Amino acid sequence: MSTKDFIEKDYYKVLGVPKDATEAEIKKAYRKLAREFHPDANKGNAKAEERFKEISEANDILGDPKKRKEYDEARALFGNGGFRPGPGGAGGSFNFDLSDLFGGAQGGGQAGAGGFGGGLGDVFGGLFNRGGPGTTRTQPRRGQDIDTEVSLSFTEAIEGATVPLRMSSQSPCKACAGTGDKNGTPRVCPTCVGTGQVARGSGGGFSLTDPCPDCKGRGLIAEHPCAECKGSGRAKSSRTMQVRIPAGVSDGQRIRLRGKGAPGERGGPAGDLYVTVHVDPHPVFGRKDDNLMVTVPVTFAEAALGGEVRVPTLGGPAVTLKLPPGTPNGRTMRARGKGAVRKDGTRGDLLITVEVSVPKDVTGKAREALEAYREATAGEDPRAELFQAAKGA
6 MSTKDFIEKD YYKVLGVPKD ATEAEIKKAY RKLAREFHPD ANKGNAKAEE
56 RFKEISEAND ILGDPKKRKE YDEARALFGN GGFRPGPGGA GGSFNFDLSD
106 LFGGAQGGGQ AGAGGFGGGL GDVFGGLFNR GGPGTTRTQP RRGQDIDTEV
156 SLSFTEAIEG ATVPLRMSSQ SPCKACAGTG DKNGTPRVCP TCVGTGQVAR
206 GSGGGFSLTD PCPDCKGRGL IAEHPCAECK GSGRAKSSRT MQVRIPAGVS
256 DGQRIRLRGK GAPGERGGPA GDLYVTVHVD PHPVFGRKDD NLMVTVPVTF
306 AEAALGGEVR VPTLGGPAVT LKLPPGTPNG RTMRARGKGA VRKDGTRGDL
356 LITVEVSVPK DVTGKAREAL EAYREATAGE DPRAELFQAA KGA
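In the numbering used here, the protein residues as written are 6 to 398.
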């Protein structure tokens with residue numbers, strides 16, 4: 006990506022969030038869009054695939070606080086893709102060279118024109134893995150990051166699981182060892198002199214850079230293009246990995262696995278693998294943060310008189326819940342240490358909500374007992390306070 010393209014791209018618009026969006030809002034927007042446009046859900050749809058790449062690129066910048074800060078600072082400085090200097094000399098303008106900004110102080114160690122020093126060299130170097138002046142693209146290059154998704158059962162998400170993931174990515178061509186030349190002897194591109202970039206004037210006395218059109222940003226040109234990769238040095242490859250998903254992951258969580266992405270080029274490090282987790286619901290248990298939840302039916306007699314009730318746990322032995330006499334419907338009690346696994350290895354709790362079960366048909370002695378109970382409590386009105394409160398409001 007060129008510097009100009011980076012500045013002009015509105016990543017906030019790509020994700021559909023405001024510029025002051027929180028990290029949680031950005032993450033939520035990305036997850037929704039990634040799920041909608043993921044290639045697995047839009048097989049053969051080139052537009053959806055391109056949209057997914059834009060969404061992933063925007064999330065890579067805005068989802069990282071450091072990169073987002075650098076991105077915001079760069080756009081604030083350059084406006085909508087062009088630097089807007091203030092009044093200068095008699096003509097109302099002045100010449101300005103981006104080397105003052107991107108290359109740092111010149112000569113005696115003072116900042117260049119405008120007093121910015123070398124700050125933006127770090128800004129764009131950090132975002133695009135570029136070095137400072139003199140760095141060429143013939144040096145090792147980091148591999149591409151890969152986004153993928155995995156579906157887990159509720160139990161697998163709580164306990165952790167090892168799952169196979171099949172991934173496709175661009176990696177160094179095996180036929181030419183990533184050189185692009187069938188003889189393995191590419192030459193340095195004469196147009197960009199191995200930098201992979203060419204300067205493009207934008208007026209106002211400064212220039213921006215674009216990928217070199219002759220070597221496509223590689224800094225190398227194959228005299229004898231490899232038949233497999235057509236001289237690009239890259240080839241599409243697929244592989245299956247066994248990936249360990251840690252215990253306690255939640256639905257929609259995005260996991261970063263360092264160095265598990267596409268292989269690097271010319272000895273560069275591999276990219277990262279980002280796995281978005283989808284968790285299937287459980288028929289009995291629910292989840293809130295590190296706690297599991299379950300609703301347990303109890304009889305009217307158990308709620309009124311008290312008693313002991315056995316409650317199932319996820320993947321473990323049942324626990325015994327002691328109901329005090331007069332337990333109301335909807336009361337929530339806690340079984341400690343029976344919840345989801347936390348990052349420190351401890352467990353959350355199991356939250357048990359009591360639900361008084363009312364039988365549909367009451368016959369025989371049970372009906373006689375209830376009739377007797379109704380007569381014995383005929384003087385009690387459980388709705389008296391309700392009506393009093395309604396009148397007083």
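Just so you know, even glycine gets a beta-carbon here, dropped at the ideal spot from N, CA and C. Computed from a predicted model, the values in this text were never measured in an experiment.
Can you list, in chain order, the residues of its chain whose CB lies under 6 Å from that of residue i, leaving out five sequence neighbours each side?
{"i": "residue 209", "result": "Here residue 209 scores only 48 on pLDDT, less than 50, and its place in the model should not be relied on; the value that follows carries that caveat. Hits under 6 Å: none found."}
{"i": "residue 162", "result": "254, 284"}
{"i": "residue 291", "result": "298"}
{"i": "residue 296", "result": "344, 353, 354, 356"}
{"i": "residue 88", "result": "Confidence in residue 88 is poor, its pLDDT being 43 and thus under 50, which makes the residue's placement unreliable; the coordinate value appears in the next sentence. Taken in chain order, the list of residues that qualify is empty."}
{"i": "residue 197", "result": "203, 217"}
{"i": "residue 67", "result": "16, 31, 73"}
Just to confirm, is the Cβ distance from residue i to residue j under 7 Å?
{"i": "residue 201", "j": "residue 181", "result": "no"}
{"i": "residue 63", "j": "residue 19", "result": "yes"}
{"i": "residue 294", "j": "residue 159", "result": "no"}
{"i": "residue 234", "j": "residue 194", "result": "no"}
{"i": "residue 277", "j": "residue 263", "result": "yes"}
{"i": "residue 150", "j": "residue 266", "result": "yes"}
{"i": "residue 332", "j": "residue 363", "result": "no"}
{"i": "residue 224", "j": "residue 199", "result": "yes"}
Which of the three DSSP states, helix, strand or coil, is assigned to residue i?
{"i": "residue 171", "result": "strand"}
{"i": "residue 278", "result": "strand"}
{"i": "residue 332", "result": "coil"}
{"i": "residue 393", "result": "helix"}
{"i": "residue 160", "result": "helix"}
{"i": "residue 191", "result": "coil"}
{"i": "residue 77", "result": "helix"}
{"i": "residue 261", "result": "strand"}
{"i": "residue 339", "result": "strand"}
{"i": "residue 387", "result": "coil"}
{"i": "residue 186", "result": "strand"}
{"i": "residue 284", "result": "strand"}
{"i": "residue 40", "result": "helix"}
{"i": "residue 377", "result": "helix"}
{"i": "residue 94", "result": "Confidence is the limiting factor: at residue 94 the pLDDT is only 39, short of 50, which leaves the residue's position unreliable and the question unanswerable from this model."}
{"i": "residue 382", "result": "coil"}
{"i": "residue 26", "result": "coil"}
{"i": "residue 166", "result": "strand"}
Using a Cβ-Cβ cut-off of 8 Å (strictly less than) and excluding sequence neighbours within five positions of residue i, which residues of its own chain qualify?
{"i": "residue 1", "result": "The shown model of the chain, from 6 to 398, leaves out residue 1, and the question about it has no answer."}
{"i": "residue 36", "result": "257, 259, 281"}
{"i": "residue 45", "result": "154"}
{"i": "residue 323", "result": "315, 316, 317"}
{"i": "residue 339", "result": "354, 355, 356, 357"}
{"i": "residue 370", "result": "none"}
{"i": "residue 70", "result": "28"}
{"i": "residue 164", "result": "252, 320, 346"}
Does chain C have any CB closer than 7 Å to the CB of residue i?
{"i": "residue 318", "result": "Given the protein chain composition of this structure (a single chain), no chain C is represented."}
Per DSSP, residue i forms a beta bridge with which residues?
{"i": "residue 300", "result": "358"}
{"i": "residue 327", "result": "313"}
{"i": "residue 291", "result": "298"}
{"i": "residue 245", "result": "171"}
{"i": "residue 321", "result": "318"}
{"i": "residue 433", "result": "No answer is possible for residue 433: it lies beyond the span of the chain, which begins at 6 and ends at 398."}
{"i": "residue 202", "result": "216"}
{"i": "residue 151", "result": "278"}
{"i": "residue 177", "result": "239"}
{"i": "residue 345", "result": "Partner(s): none; residue 345 has no beta bridge."}
{"i": "residue 56", "result": "None, per the DSSP bridge assignment."}
{"i": "residue 250", "result": "166"}
Taking the alpha carbon of residue i as the point to measure from, which residue in the options has its own alpha carbon closest?
{"i": "residue 72", "options": "385, 184, 263, 28", "result": "28"}
{"i": "residue 15", "options": "45, 40, 60, 252", "result": "60"}
{"i": "residue 187", "options": "267, 229, 79, 363", "result": "229"}
{"i": "residue 2", "options": "289, 252, 189, 198", "result": "The question about residue 2 has no answer, for the chain in this structure spans 6 to 398."}
{"i": "residue 337", "options": "290, 226, 355, 48", "result": "355"}
{"i": "residue 232", "options": "184, 265, 219, 78", "result": "184"}
{"i": "residue 312", "options": "325, 152, 368", "result": "325"}
{"i": "residue 245", "options": "203, 170, 383", "result": "170"}
{"i": "residue 157", "options": "249, 26, 391", "result": "249"}
{"i": "residue 56", "options": "43, 49, 67, 68", "result": "43"}
{"i": "residue 320", "options": "371, 239, 366, 289", "result": "289"}
{"i": "residue 236", "options": "243, 222, 78", "result": "222"}
{"i": "residue 172", "options": "243, 34, 238, 391", "result": "243"}
{"i": "residue 41", "options": "31, 54, 30", "result": "54"}
In chain order, what residues of the same chain have a beta carbon less than 7 Å from the beta carbon of residue i, not counting five sequence neighbours either side?
{"i": "residue 361", "result": "303, 305, 308, 334"}
{"i": "residue 269", "result": "145, 146, 147, 148, 275"}
{"i": "residue 273", "result": "145, 146, 147, 148"}
{"i": "residue 219", "result": "194, 196, 226"}
{"i": "residue 113", "result": "Because the pLDDT at residue 113 is just 39, under 50, the model does not fix this residue reliably, and the value given afterwards should be weighed accordingly. Same-chain partners within the cutoff: there are none."}
{"i": "residue 367", "result": "375"}
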